[in-house]
Amino acid sequence: MKITTSKILPSINELSETLKQKFSGRYSYELFDFGNKQSIFVEKSAFVSIQVTKEENEIVIERMTKPSVLTTMFFLLDLITTGSGNLLHRLLPFYSEQRKLEQELGTFLKQEYN
Numbered sequence: 052m053k054i055t056t057s058k059i060l061p062s063i064n065e066l067s068e069t070l071k072q073k074f075s076g077r078y079s080y081e082l083f084d085f086g087n088k089q090s091i092f093v094e095k096s097a098f099v100s101i102q103v104t105k106e107e108n109e110i111v112i113e114r115m116t117k118p119s120v121l122t123t124m125f126f127l128l129d130l131i132t133t134g135s136g137n138l139l140h141r142l143l144p145f146y147s148e149q150r151k152l153e154q155e156l157g158t159f160l161k162q163e164y165n
């Protein structure tokens, strides 16, 4: 999900604090630095998380499981058996929970920054 904003976006740290204030205690938040891009992993559980990345005037929200040994093993198993690395993720019962989390945060961020 991409959210194009009309307002100037805050820093990734401020964005993380805004999410923490709004959804106090419901999720855990972790900042990651991927080269020149900074992201926030918002995690509901080990398999239900999303990545929020701030770009110039956009916020990109992606359903993604936080990297871990267990999720890497699931991905590799799926990659070996199906060749895609995507099927197992969609079949897991956590997929709909990730969609709900993405929609909940996306709705809030649209209202906050448009």
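In this text, residue positions in the sequence shown follow my numbering: the first is 52, and each later residue adds one.
Ideal Cβ positions, reconstructed from N, Cα and C, are used throughout, including at glycine.
On a predicted model such as this, the values are computed, not experimentally measured, just so you know.
Residue(s) in a DSSP beta bridge with residue i
{"i": "residue 82", "result": "91"}
{"i": "residue 100", "result": "94"}
{"i": "residue 114", "result": "101"}
{"i": "residue 69", "result": "Answer is none; residue 69 lacks a bridge partner."}
{"i": "residue 54", "result": "110"}
Proximity below 8 Å, CB of residue i to CB of residue j
{"i": "residue 95", "j": "residue 148", "result": "yes"}
{"i": "residue 109", "j": "residue 55", "result": "yes"}
{"i": "residue 52", "j": "residue 112", "result": "yes"}
{"i": "residue 81", "j": "residue 98", "result": "no"}
With 16 other Cβ atoms within 10 Å as the buried cut-off, status of residue i
{"i": "residue 154", "result": "exposed"}
{"i": "residue 102", "result": "buried"}
{"i": "residue 128", "result": "exposed"}
{"i": "residue 67", "result": "buried"}
Alpha carbon of residue i to alpha carbon of residue j, nearest angstrom
{"i": "residue 100", "j": "residue 90", "result": "12 Å"}
{"i": "residue 62", "j": "residue 161", "result": "16 Å"}
{"i": "residue 57", "j": "residue 165", "result": "5 Å"}
{"i": "residue 115", "j": "residue 73", "result": "21 Å"}
{"i": "residue 78", "j": "residue 159", "result": "14 Å"}
{"i": "residue 75", "j": "residue 65", "result": "15 Å"}
{"i": "residue 84", "j": "residue 71", "result": "19 Å"}
{"i": "residue 107", "j": "residue 150", "result": "24 Å"}
{"i": "residue 146", "j": "residue 152", "result": "10 Å"}
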